[in-house]
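Enquirer: At the far end of the sequence shown sits residue 1096, using the numbering used here, and the numbering has no gaps.
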Amino acid sequence: MAAVHLLNADLHCHSVHSDGSLPPDELARLAHAGGVQLWSLTDHDELAGQHAARAAAEALGLAYVCGVEVSISFLGETVHVLGLDVDPDHPGLNAGLARLRAGREQRAREMGESLARVGIHGAYEGARRYAGNPDLVSRTHFARFLVEHGHCASVHEVFQRYLKEGLPGFVPHHWAALGEAMQWIRDAGGLPVLAHPARYRFSPTEEWALFHEFVGHGGVGVEVTCGAHFPDEATRYAATAEEFGLLASRGSDFHAPGESRVAPGELPDLPARCTAVWTRWADRLQHLRPAAELA
Ligand code: AMP
Ligand code: MN
Ligand code: MN
Ligand code: MN
């Protein structure tokens, strides 16, 4: 078990099928070059890249589990739940995700109108040009367009000035309910993992409610070490994982070279007190030697 626990696992990243900039096969090469031993591509609300990701990973000798990052509305906030090791062809999961993608079109048009009211024109059409998947226009594509047109110096600055709640380009949206999204993941054979918990703006009571309901709906894991967490946040959520009996996950949330803080595989190990979510797949991973031994 200890050997499997210490694998270099990266179970969160994005391709051109959502808001990443690279196709799945290039991501697989980047992950492999970065020392990743177990990888999952987890596009937002989309499974279209899964077969290509698996094929590319297997050609490189990289262990792979199919994944997805599902958009959820919970207590007025957007929450992300990863579905790891899902069947990418499961009809129920695909139908649920198709519904979420369909809702993005109207939201994107409204975001364009909202930005036009503050003098930024053509943002909807511009964002669509950046979207590798026409069904999945995300805030990230708007951000890239605004940077290209000189409105801001970086994607991060666009979010700070335009794309967060209360700002001119933000349009509130209803994503999936927590229970239904977790049902889709579980029906497709996947493990629900709560993504980047430190990034939600919940009070302690609301956060407790999120974890409580997540566990109640069959939640299995929580991201502890991830690109969106600072080291003290990883420590804090290692304790939360223990409190709620959850396994711990690790993922870079990589989107694009030059844009993401952390490259695939570049994260610290999980805190020692955690049990890794991938111990659930230990029978499939026994042939891999821990990263520490390879170094
Ligand atoms: P959407 O699903 O269209 O609402 O877009 C959400 C995506 O925006 C996230 O998955 C991140 O990739 C990106 N994002 C959110 N907040 C920030 C931020 N502060 N800086 C950079 N990217 C962000
Ligand atoms: Mn994203
Ligand atoms: Mn996310
Ligand atoms: Mn993500």
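We treat Cβ as the ideally placed atom computed from N, Cα and C, and that holds for glycine.
Small disclaimer: the values here were computed from a predicted structure and weren't measured.
Please return the same chain residues whose Cβ sits closer than 7 Å to the Cβ of H1018, not counting the five positions on each side in sequence.
Expert: Mapped onto the sequence shown, residue 1018 falls at position 217. So the list reads L979, G980 and M983, once near-sequence residues are dropped.
Enquirer: Among all the DSSP beta bridges, which residues are the ones paired with Y865?
Expert: Your numbering for residue 865 matches position 64 in the sequence shown. Answer is W840.
Enquirer: Do V837 and L863 come within 8 Å of each other at the CB atom, strictly closer than that value?
Expert: Your numbering for residue 863 matches position 62 in the sequence shown. Your numbering for residue 837 matches position 36 in the sequence shown. Cβ distance < 8 Å, so L863 and V837 count as in contact.
Enquirer: Kindly identify the DSSP beta-bridge partner or partners of R1051.
Expert: In the sequence shown, counting from the first residue as 1, residue 1051 sits at position 250. DSSP output for R1051 lists T1026 as bridge partner(s).
Enquirer: Per DSSP, V993 forms a beta bridge with which residues?
Expert: The count along the sequence shown starts at 1 and reaches residue 993 at position 192. It should be pointed out that residue 993 corresponds to Pro in this sequence rather than to Val. DSSP, once it has assigned bridges, lists G884 as partnering P993.
Enquirer: Throw me the rounded Cβ distance for the H942 and A932 pair, which I believe falls under 8 Å.
Expert: Against the sequence shown, residue 942 aligns to sequence position 141. Against the sequence shown, residue 932 aligns to sequence position 131. At roughly 5 Å, the Cβ-Cβ gap stays under 8 Å, so H942 and A932 are in contact.
Enquirer: Check this for me: beta carbons of W985 and G893, under 8 Å apart or not?
Expert: Residue numbering aside, residue 985 sits at position 184 when the sequence shown is read from its first letter. Residue numbering aside, residue 893 sits at position 92 when the sequence shown is read from its first letter. Yes, they are a contact pair.
Enquirer: Examine the Cβ distances between the segment 813-825 and the segment 1049-1063 and report whether three or more of them are shorter than 8 Å.
Expert: Touching, yes, given that three or more Cβ pairs across the two stretches are closer than 8 Å.
Enquirer: Got a sec? Which residues, its chain only, sit under 6 Å from N934 by beta carbon, not counting five neighbours each side?
Expert: Here residue 934 refers to the residue found at position 133 when the sequence shown is read from its first residue. The residues are H818.
Enquirer: Let me know if E847 comes out buried or exposed under the rule of 16 or more other beta-carbons within 10 Å of its beta-carbon.
Expert: Taking the first residue of the sequence shown as 1, we reach residue 847 at position 46. E847 should be labelled buried.
Enquirer: Decide if E870 is buried, meaning its Cβ has at least 16 other Cβ atoms within 10 Å, or exposed.
Expert: As a first step, residue 870 must be located in the sequence shown, where it is residue number 69. Answer is buried; the Cβ neighbour count reaches 16.
Enquirer: What would DSSP say about A977, mapped onto helix, strand or coil?
Expert: On the sequence shown, residue 977 is found 176 positions in, with the first residue counted as 1. Note: A977 maps to strand in three-state DSSP.
Enquirer: What do you reckon, are the CB atoms on T1026 and L1048 nearer than 8 Å?
Expert: As a position in the sequence shown, residue 1026 is number 225, starting the count at 1. As a position in the sequence shown, residue 1048 is number 247, starting the count at 1. No, these two residues do not count as a Cβ contact at 8 Å.
Enquirer: Does any heavy atom of ligand 1 sit closer than 7 Å to the C-beta of F1055?
Expert: Translated into the one-based positions of the sequence shown, residue 1055 becomes position 254. For ligand 1, not one heavy atom lies less than 7 Å from the Cβ of F1055.
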